[in-house]
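Student:
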Amino acid sequence: MTGQRDRWAELTGGRAGEEYARRFARLAASGHDIHGEASFCDALLKPAARVLDAGCGTGRIAIRLAELGHHCTGVDVDASMLAVARREAPTQEWLLGDLARLDALGLDPDFDLVLAAGNVMPLLAPGTGATVVGHLAAALRPGGLLVTGMGLDAAHLPLDEAPLTITEFDQWCARAGLTLRQRYATWSGDPYDGGGYAVSVHTRPAT
Ligand SMILES: C[S@@+](CC[C@H](N)C(=O)[O-])C[C@H]1O[C@@H](n2cnc3c(N)ncnc32)[C@H](O)[C@@H]1O
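Below you can see the structure in the form of structure tokens.
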């Protein structure tokens with residue numbers, strides 16, 4: 003661990019797993035599509051792709067991607083979130099670990115796609131974003147994709163203010179050797195217009 007608590011842990015005390023799962027179950031029961039992120043990623047992937055769900059939480063996205071035929075590894079630092087994922091999909095790979103120390107997990111690299119959805123980037127521990135992006139980029143195969151979704155203002159975050167700008171995030175990606183391929187305002191692919199939520203697709207150039 004980095005020694006500094008991530009913002010998610012500061013918000014939740016590391017006990018949010020069951021309530022987070024209930025919240026999405028309620029949304030699904032009331033007719034909301036809770037699989038927008040998985041559908042978005044699936045559309046970018048060839049069949050049976052390798053996906054790293056970085057900050058996978060309760061596994062709602064990785065489980066859906068596995069249902070769609072992909073091979074998903076989930077990593078999260080919150081044991082209460084991972085406990086839900088392990089219960090819901092015991093045969094999938096779930097790893098307890100800090101994205102700022104992703105190298106310590108000894109993962110096989112060459113993922114086709116690395117996903118950090120659900121505000122993982124703004125909820126990291128302060129000062130660790132660039133390091134995390136470096137590790138996520140290193141986990142990609144040449145030509146692989148980093149897909150992120152993040153709020154950029156208080157209206158789109160469980161925080162009083164946004165801890166990062168999209169410009170800072172793009173700079174971290176550029177330093178990690180990634181190129182911005184596409185940016186949207188939603189997981190449905192609405193065009194990005196400089197608003198408070200960004201879905202970004204960066205790519206590790208093929209060598
Ligand atoms: C709002 S939840 C989103 C979970 C999931 N991606 C989703 O969309 O349902 C944010 C997650 O990021 C995880 N997270 C934050 N910092 C982390 C870190 N340094 N390493 C691993 N996971 C982290 C939290 O533990 C939490 O599960």
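The numbering used here puts the first residue of the sequence shown at 3, with every later residue one more than the last.
Ideal placement from N, C-alpha and C gives every residue a C-beta, glycine not left out.
1. Examine ligand 1 and report whether any of its heavy atoms sits within less than 7 angstroms of the Cβ of Leu138.
2. Any heavy atom of ligand 1 closer than 7 angstroms to the CB of Thr75?
3. What's the C-alpha gap between Gly19 and Leu107?
4. How would you label Pro144, buried or exposed, when you count the other beta carbons within 10 angstroms and need 16 or more for buried?
5. Terminal residues of the continuous beta strand (DSSP E) containing Gly146?
6. Quick check: the region 77-96 against the region 139-154, are at least 3 beta-carbon pairs closer than 8 angstroms?
7. Ligand 1 heavy atoms versus the CB of Trp10: any closer than 7 angstroms?
8. My assumption, with CB atoms under 8 angstroms, is that Cys58 sits in contact with Ala64. Please give the rounded CB distance.
9. Can you check whether the CB of Met152 is closer than 8 angstroms to the CB of Ala200?
10. Would you decide whether Asp110 is buried or exposed? Buried here means 16 or more other CB atoms lie within 10 Å of its CB.
11. Three or more beta-carbon pairs under 8 angstroms between the region 119-134 and the region 162-181, yes or no?
12. Please return the same chain residues whose Cβ sits closer than 7 angstroms to the Cβ of Leu161, not counting the five positions on each side in sequence.
13. Apart from the five residues on each side of it in sequence, which residues of its chain come closer than 6 angstroms, Cβ to Cβ, to Arg17?
14. Work out the CA separation of Val203 and Gln6 for me, nearest whole Å.
15. In angstroms with no decimal places, state the Cα-to-Cα distance between Arg66 and Asp195.
16. Can you find a heavy atom of ligand 1 that lies under 7 angstroms from the Cβ of Gly153?
17. Please report how far the alpha carbon of Asp192 lies from the alpha carbon of Pro92, in whole angstroms.
18. Do the CB positions of Ala139 and Leu180 come within less than 8 angstroms of each other?
19. Examine ligand 1 and report whether any of its heavy atoms sits within less than 7 angstroms of the Cβ of Ala68.
20. Heavy atom of ligand 1 less than 7 angstroms from the Cβ of Arg177, yes or no?
21. Can you tell which of Ala187, Gln94, Ala178 and His137 has the C-alpha that lies nearest to the C-alpha of Leu154?
Tutor: Looking at the atomic coordinates:
1. Leu138 Cβ: outside cutoff for every heavy atom of ligand 1.
2. No.
3. So the alpha carbons of these two residues sit roughly 22 angstroms apart.
4. Around the beta carbon of Pro144, a 10 Å sphere encloses fewer than 16 other beta carbons of the protein chains shown; the residue is thus reported as exposed.
5. Where Gly146 is concerned, the enclosing beta strand (DSSP E) stretches over Leu142 to Gly153.
6. The region 139-154 makes no contact with the region 77-96, as fewer than three CB pairs between them are under 8 angstroms.
7. Relative to the non-hydrogen atoms of ligand 1, the Cβ of Trp10 comes within a distance shorter than 7 angstroms of at least one.
8. Beta-carbon to beta-carbon, Cys58 and Ala64 are separated by about 5 angstroms, close enough to satisfy the 8 angstroms threshold.
9. Cβ distance < 8 angstroms, so Ala200 and Met152 count as in contact.
10. With fewer than 16 other Cβ atoms inside 10 Å of its own Cβ, Asp110 counts as exposed.
11. With a cut-off of 8 angstroms, the region 162-181 and the region 119-134 count as touching, because enough Cβ pairs lie within range.
12. Arg9 and Pro124.
13. Contacts found: Ser82.
14. Their backbone Cα atoms lie some 28 angstroms apart in a straight line.
15. Their Cα atoms are separated by approximately 29 angstroms.
16. No, Cβ of Gly153 sits at least 7 angstroms from all heavy atoms of ligand 1.
17. Taking the straight line joining both Cα atoms gives about 35 angstroms.
18. For Ala139 and Leu180, yes; Cβs fall inside 8 angstroms.
19. No - ligand 1 has no heavy atom lying nearer than 7 angstroms to the Cβ of Ala68.
20. With a cut-off of 7 angstroms, the C-beta of Arg177 is classified as distant from ligand 1, since no heavy atom of the ligand falls inside that distance.
21. Proximity to Leu154 across Ala187, Gln94, Ala178 and His137 peaks at Ala187, based on C-alpha coordinates.
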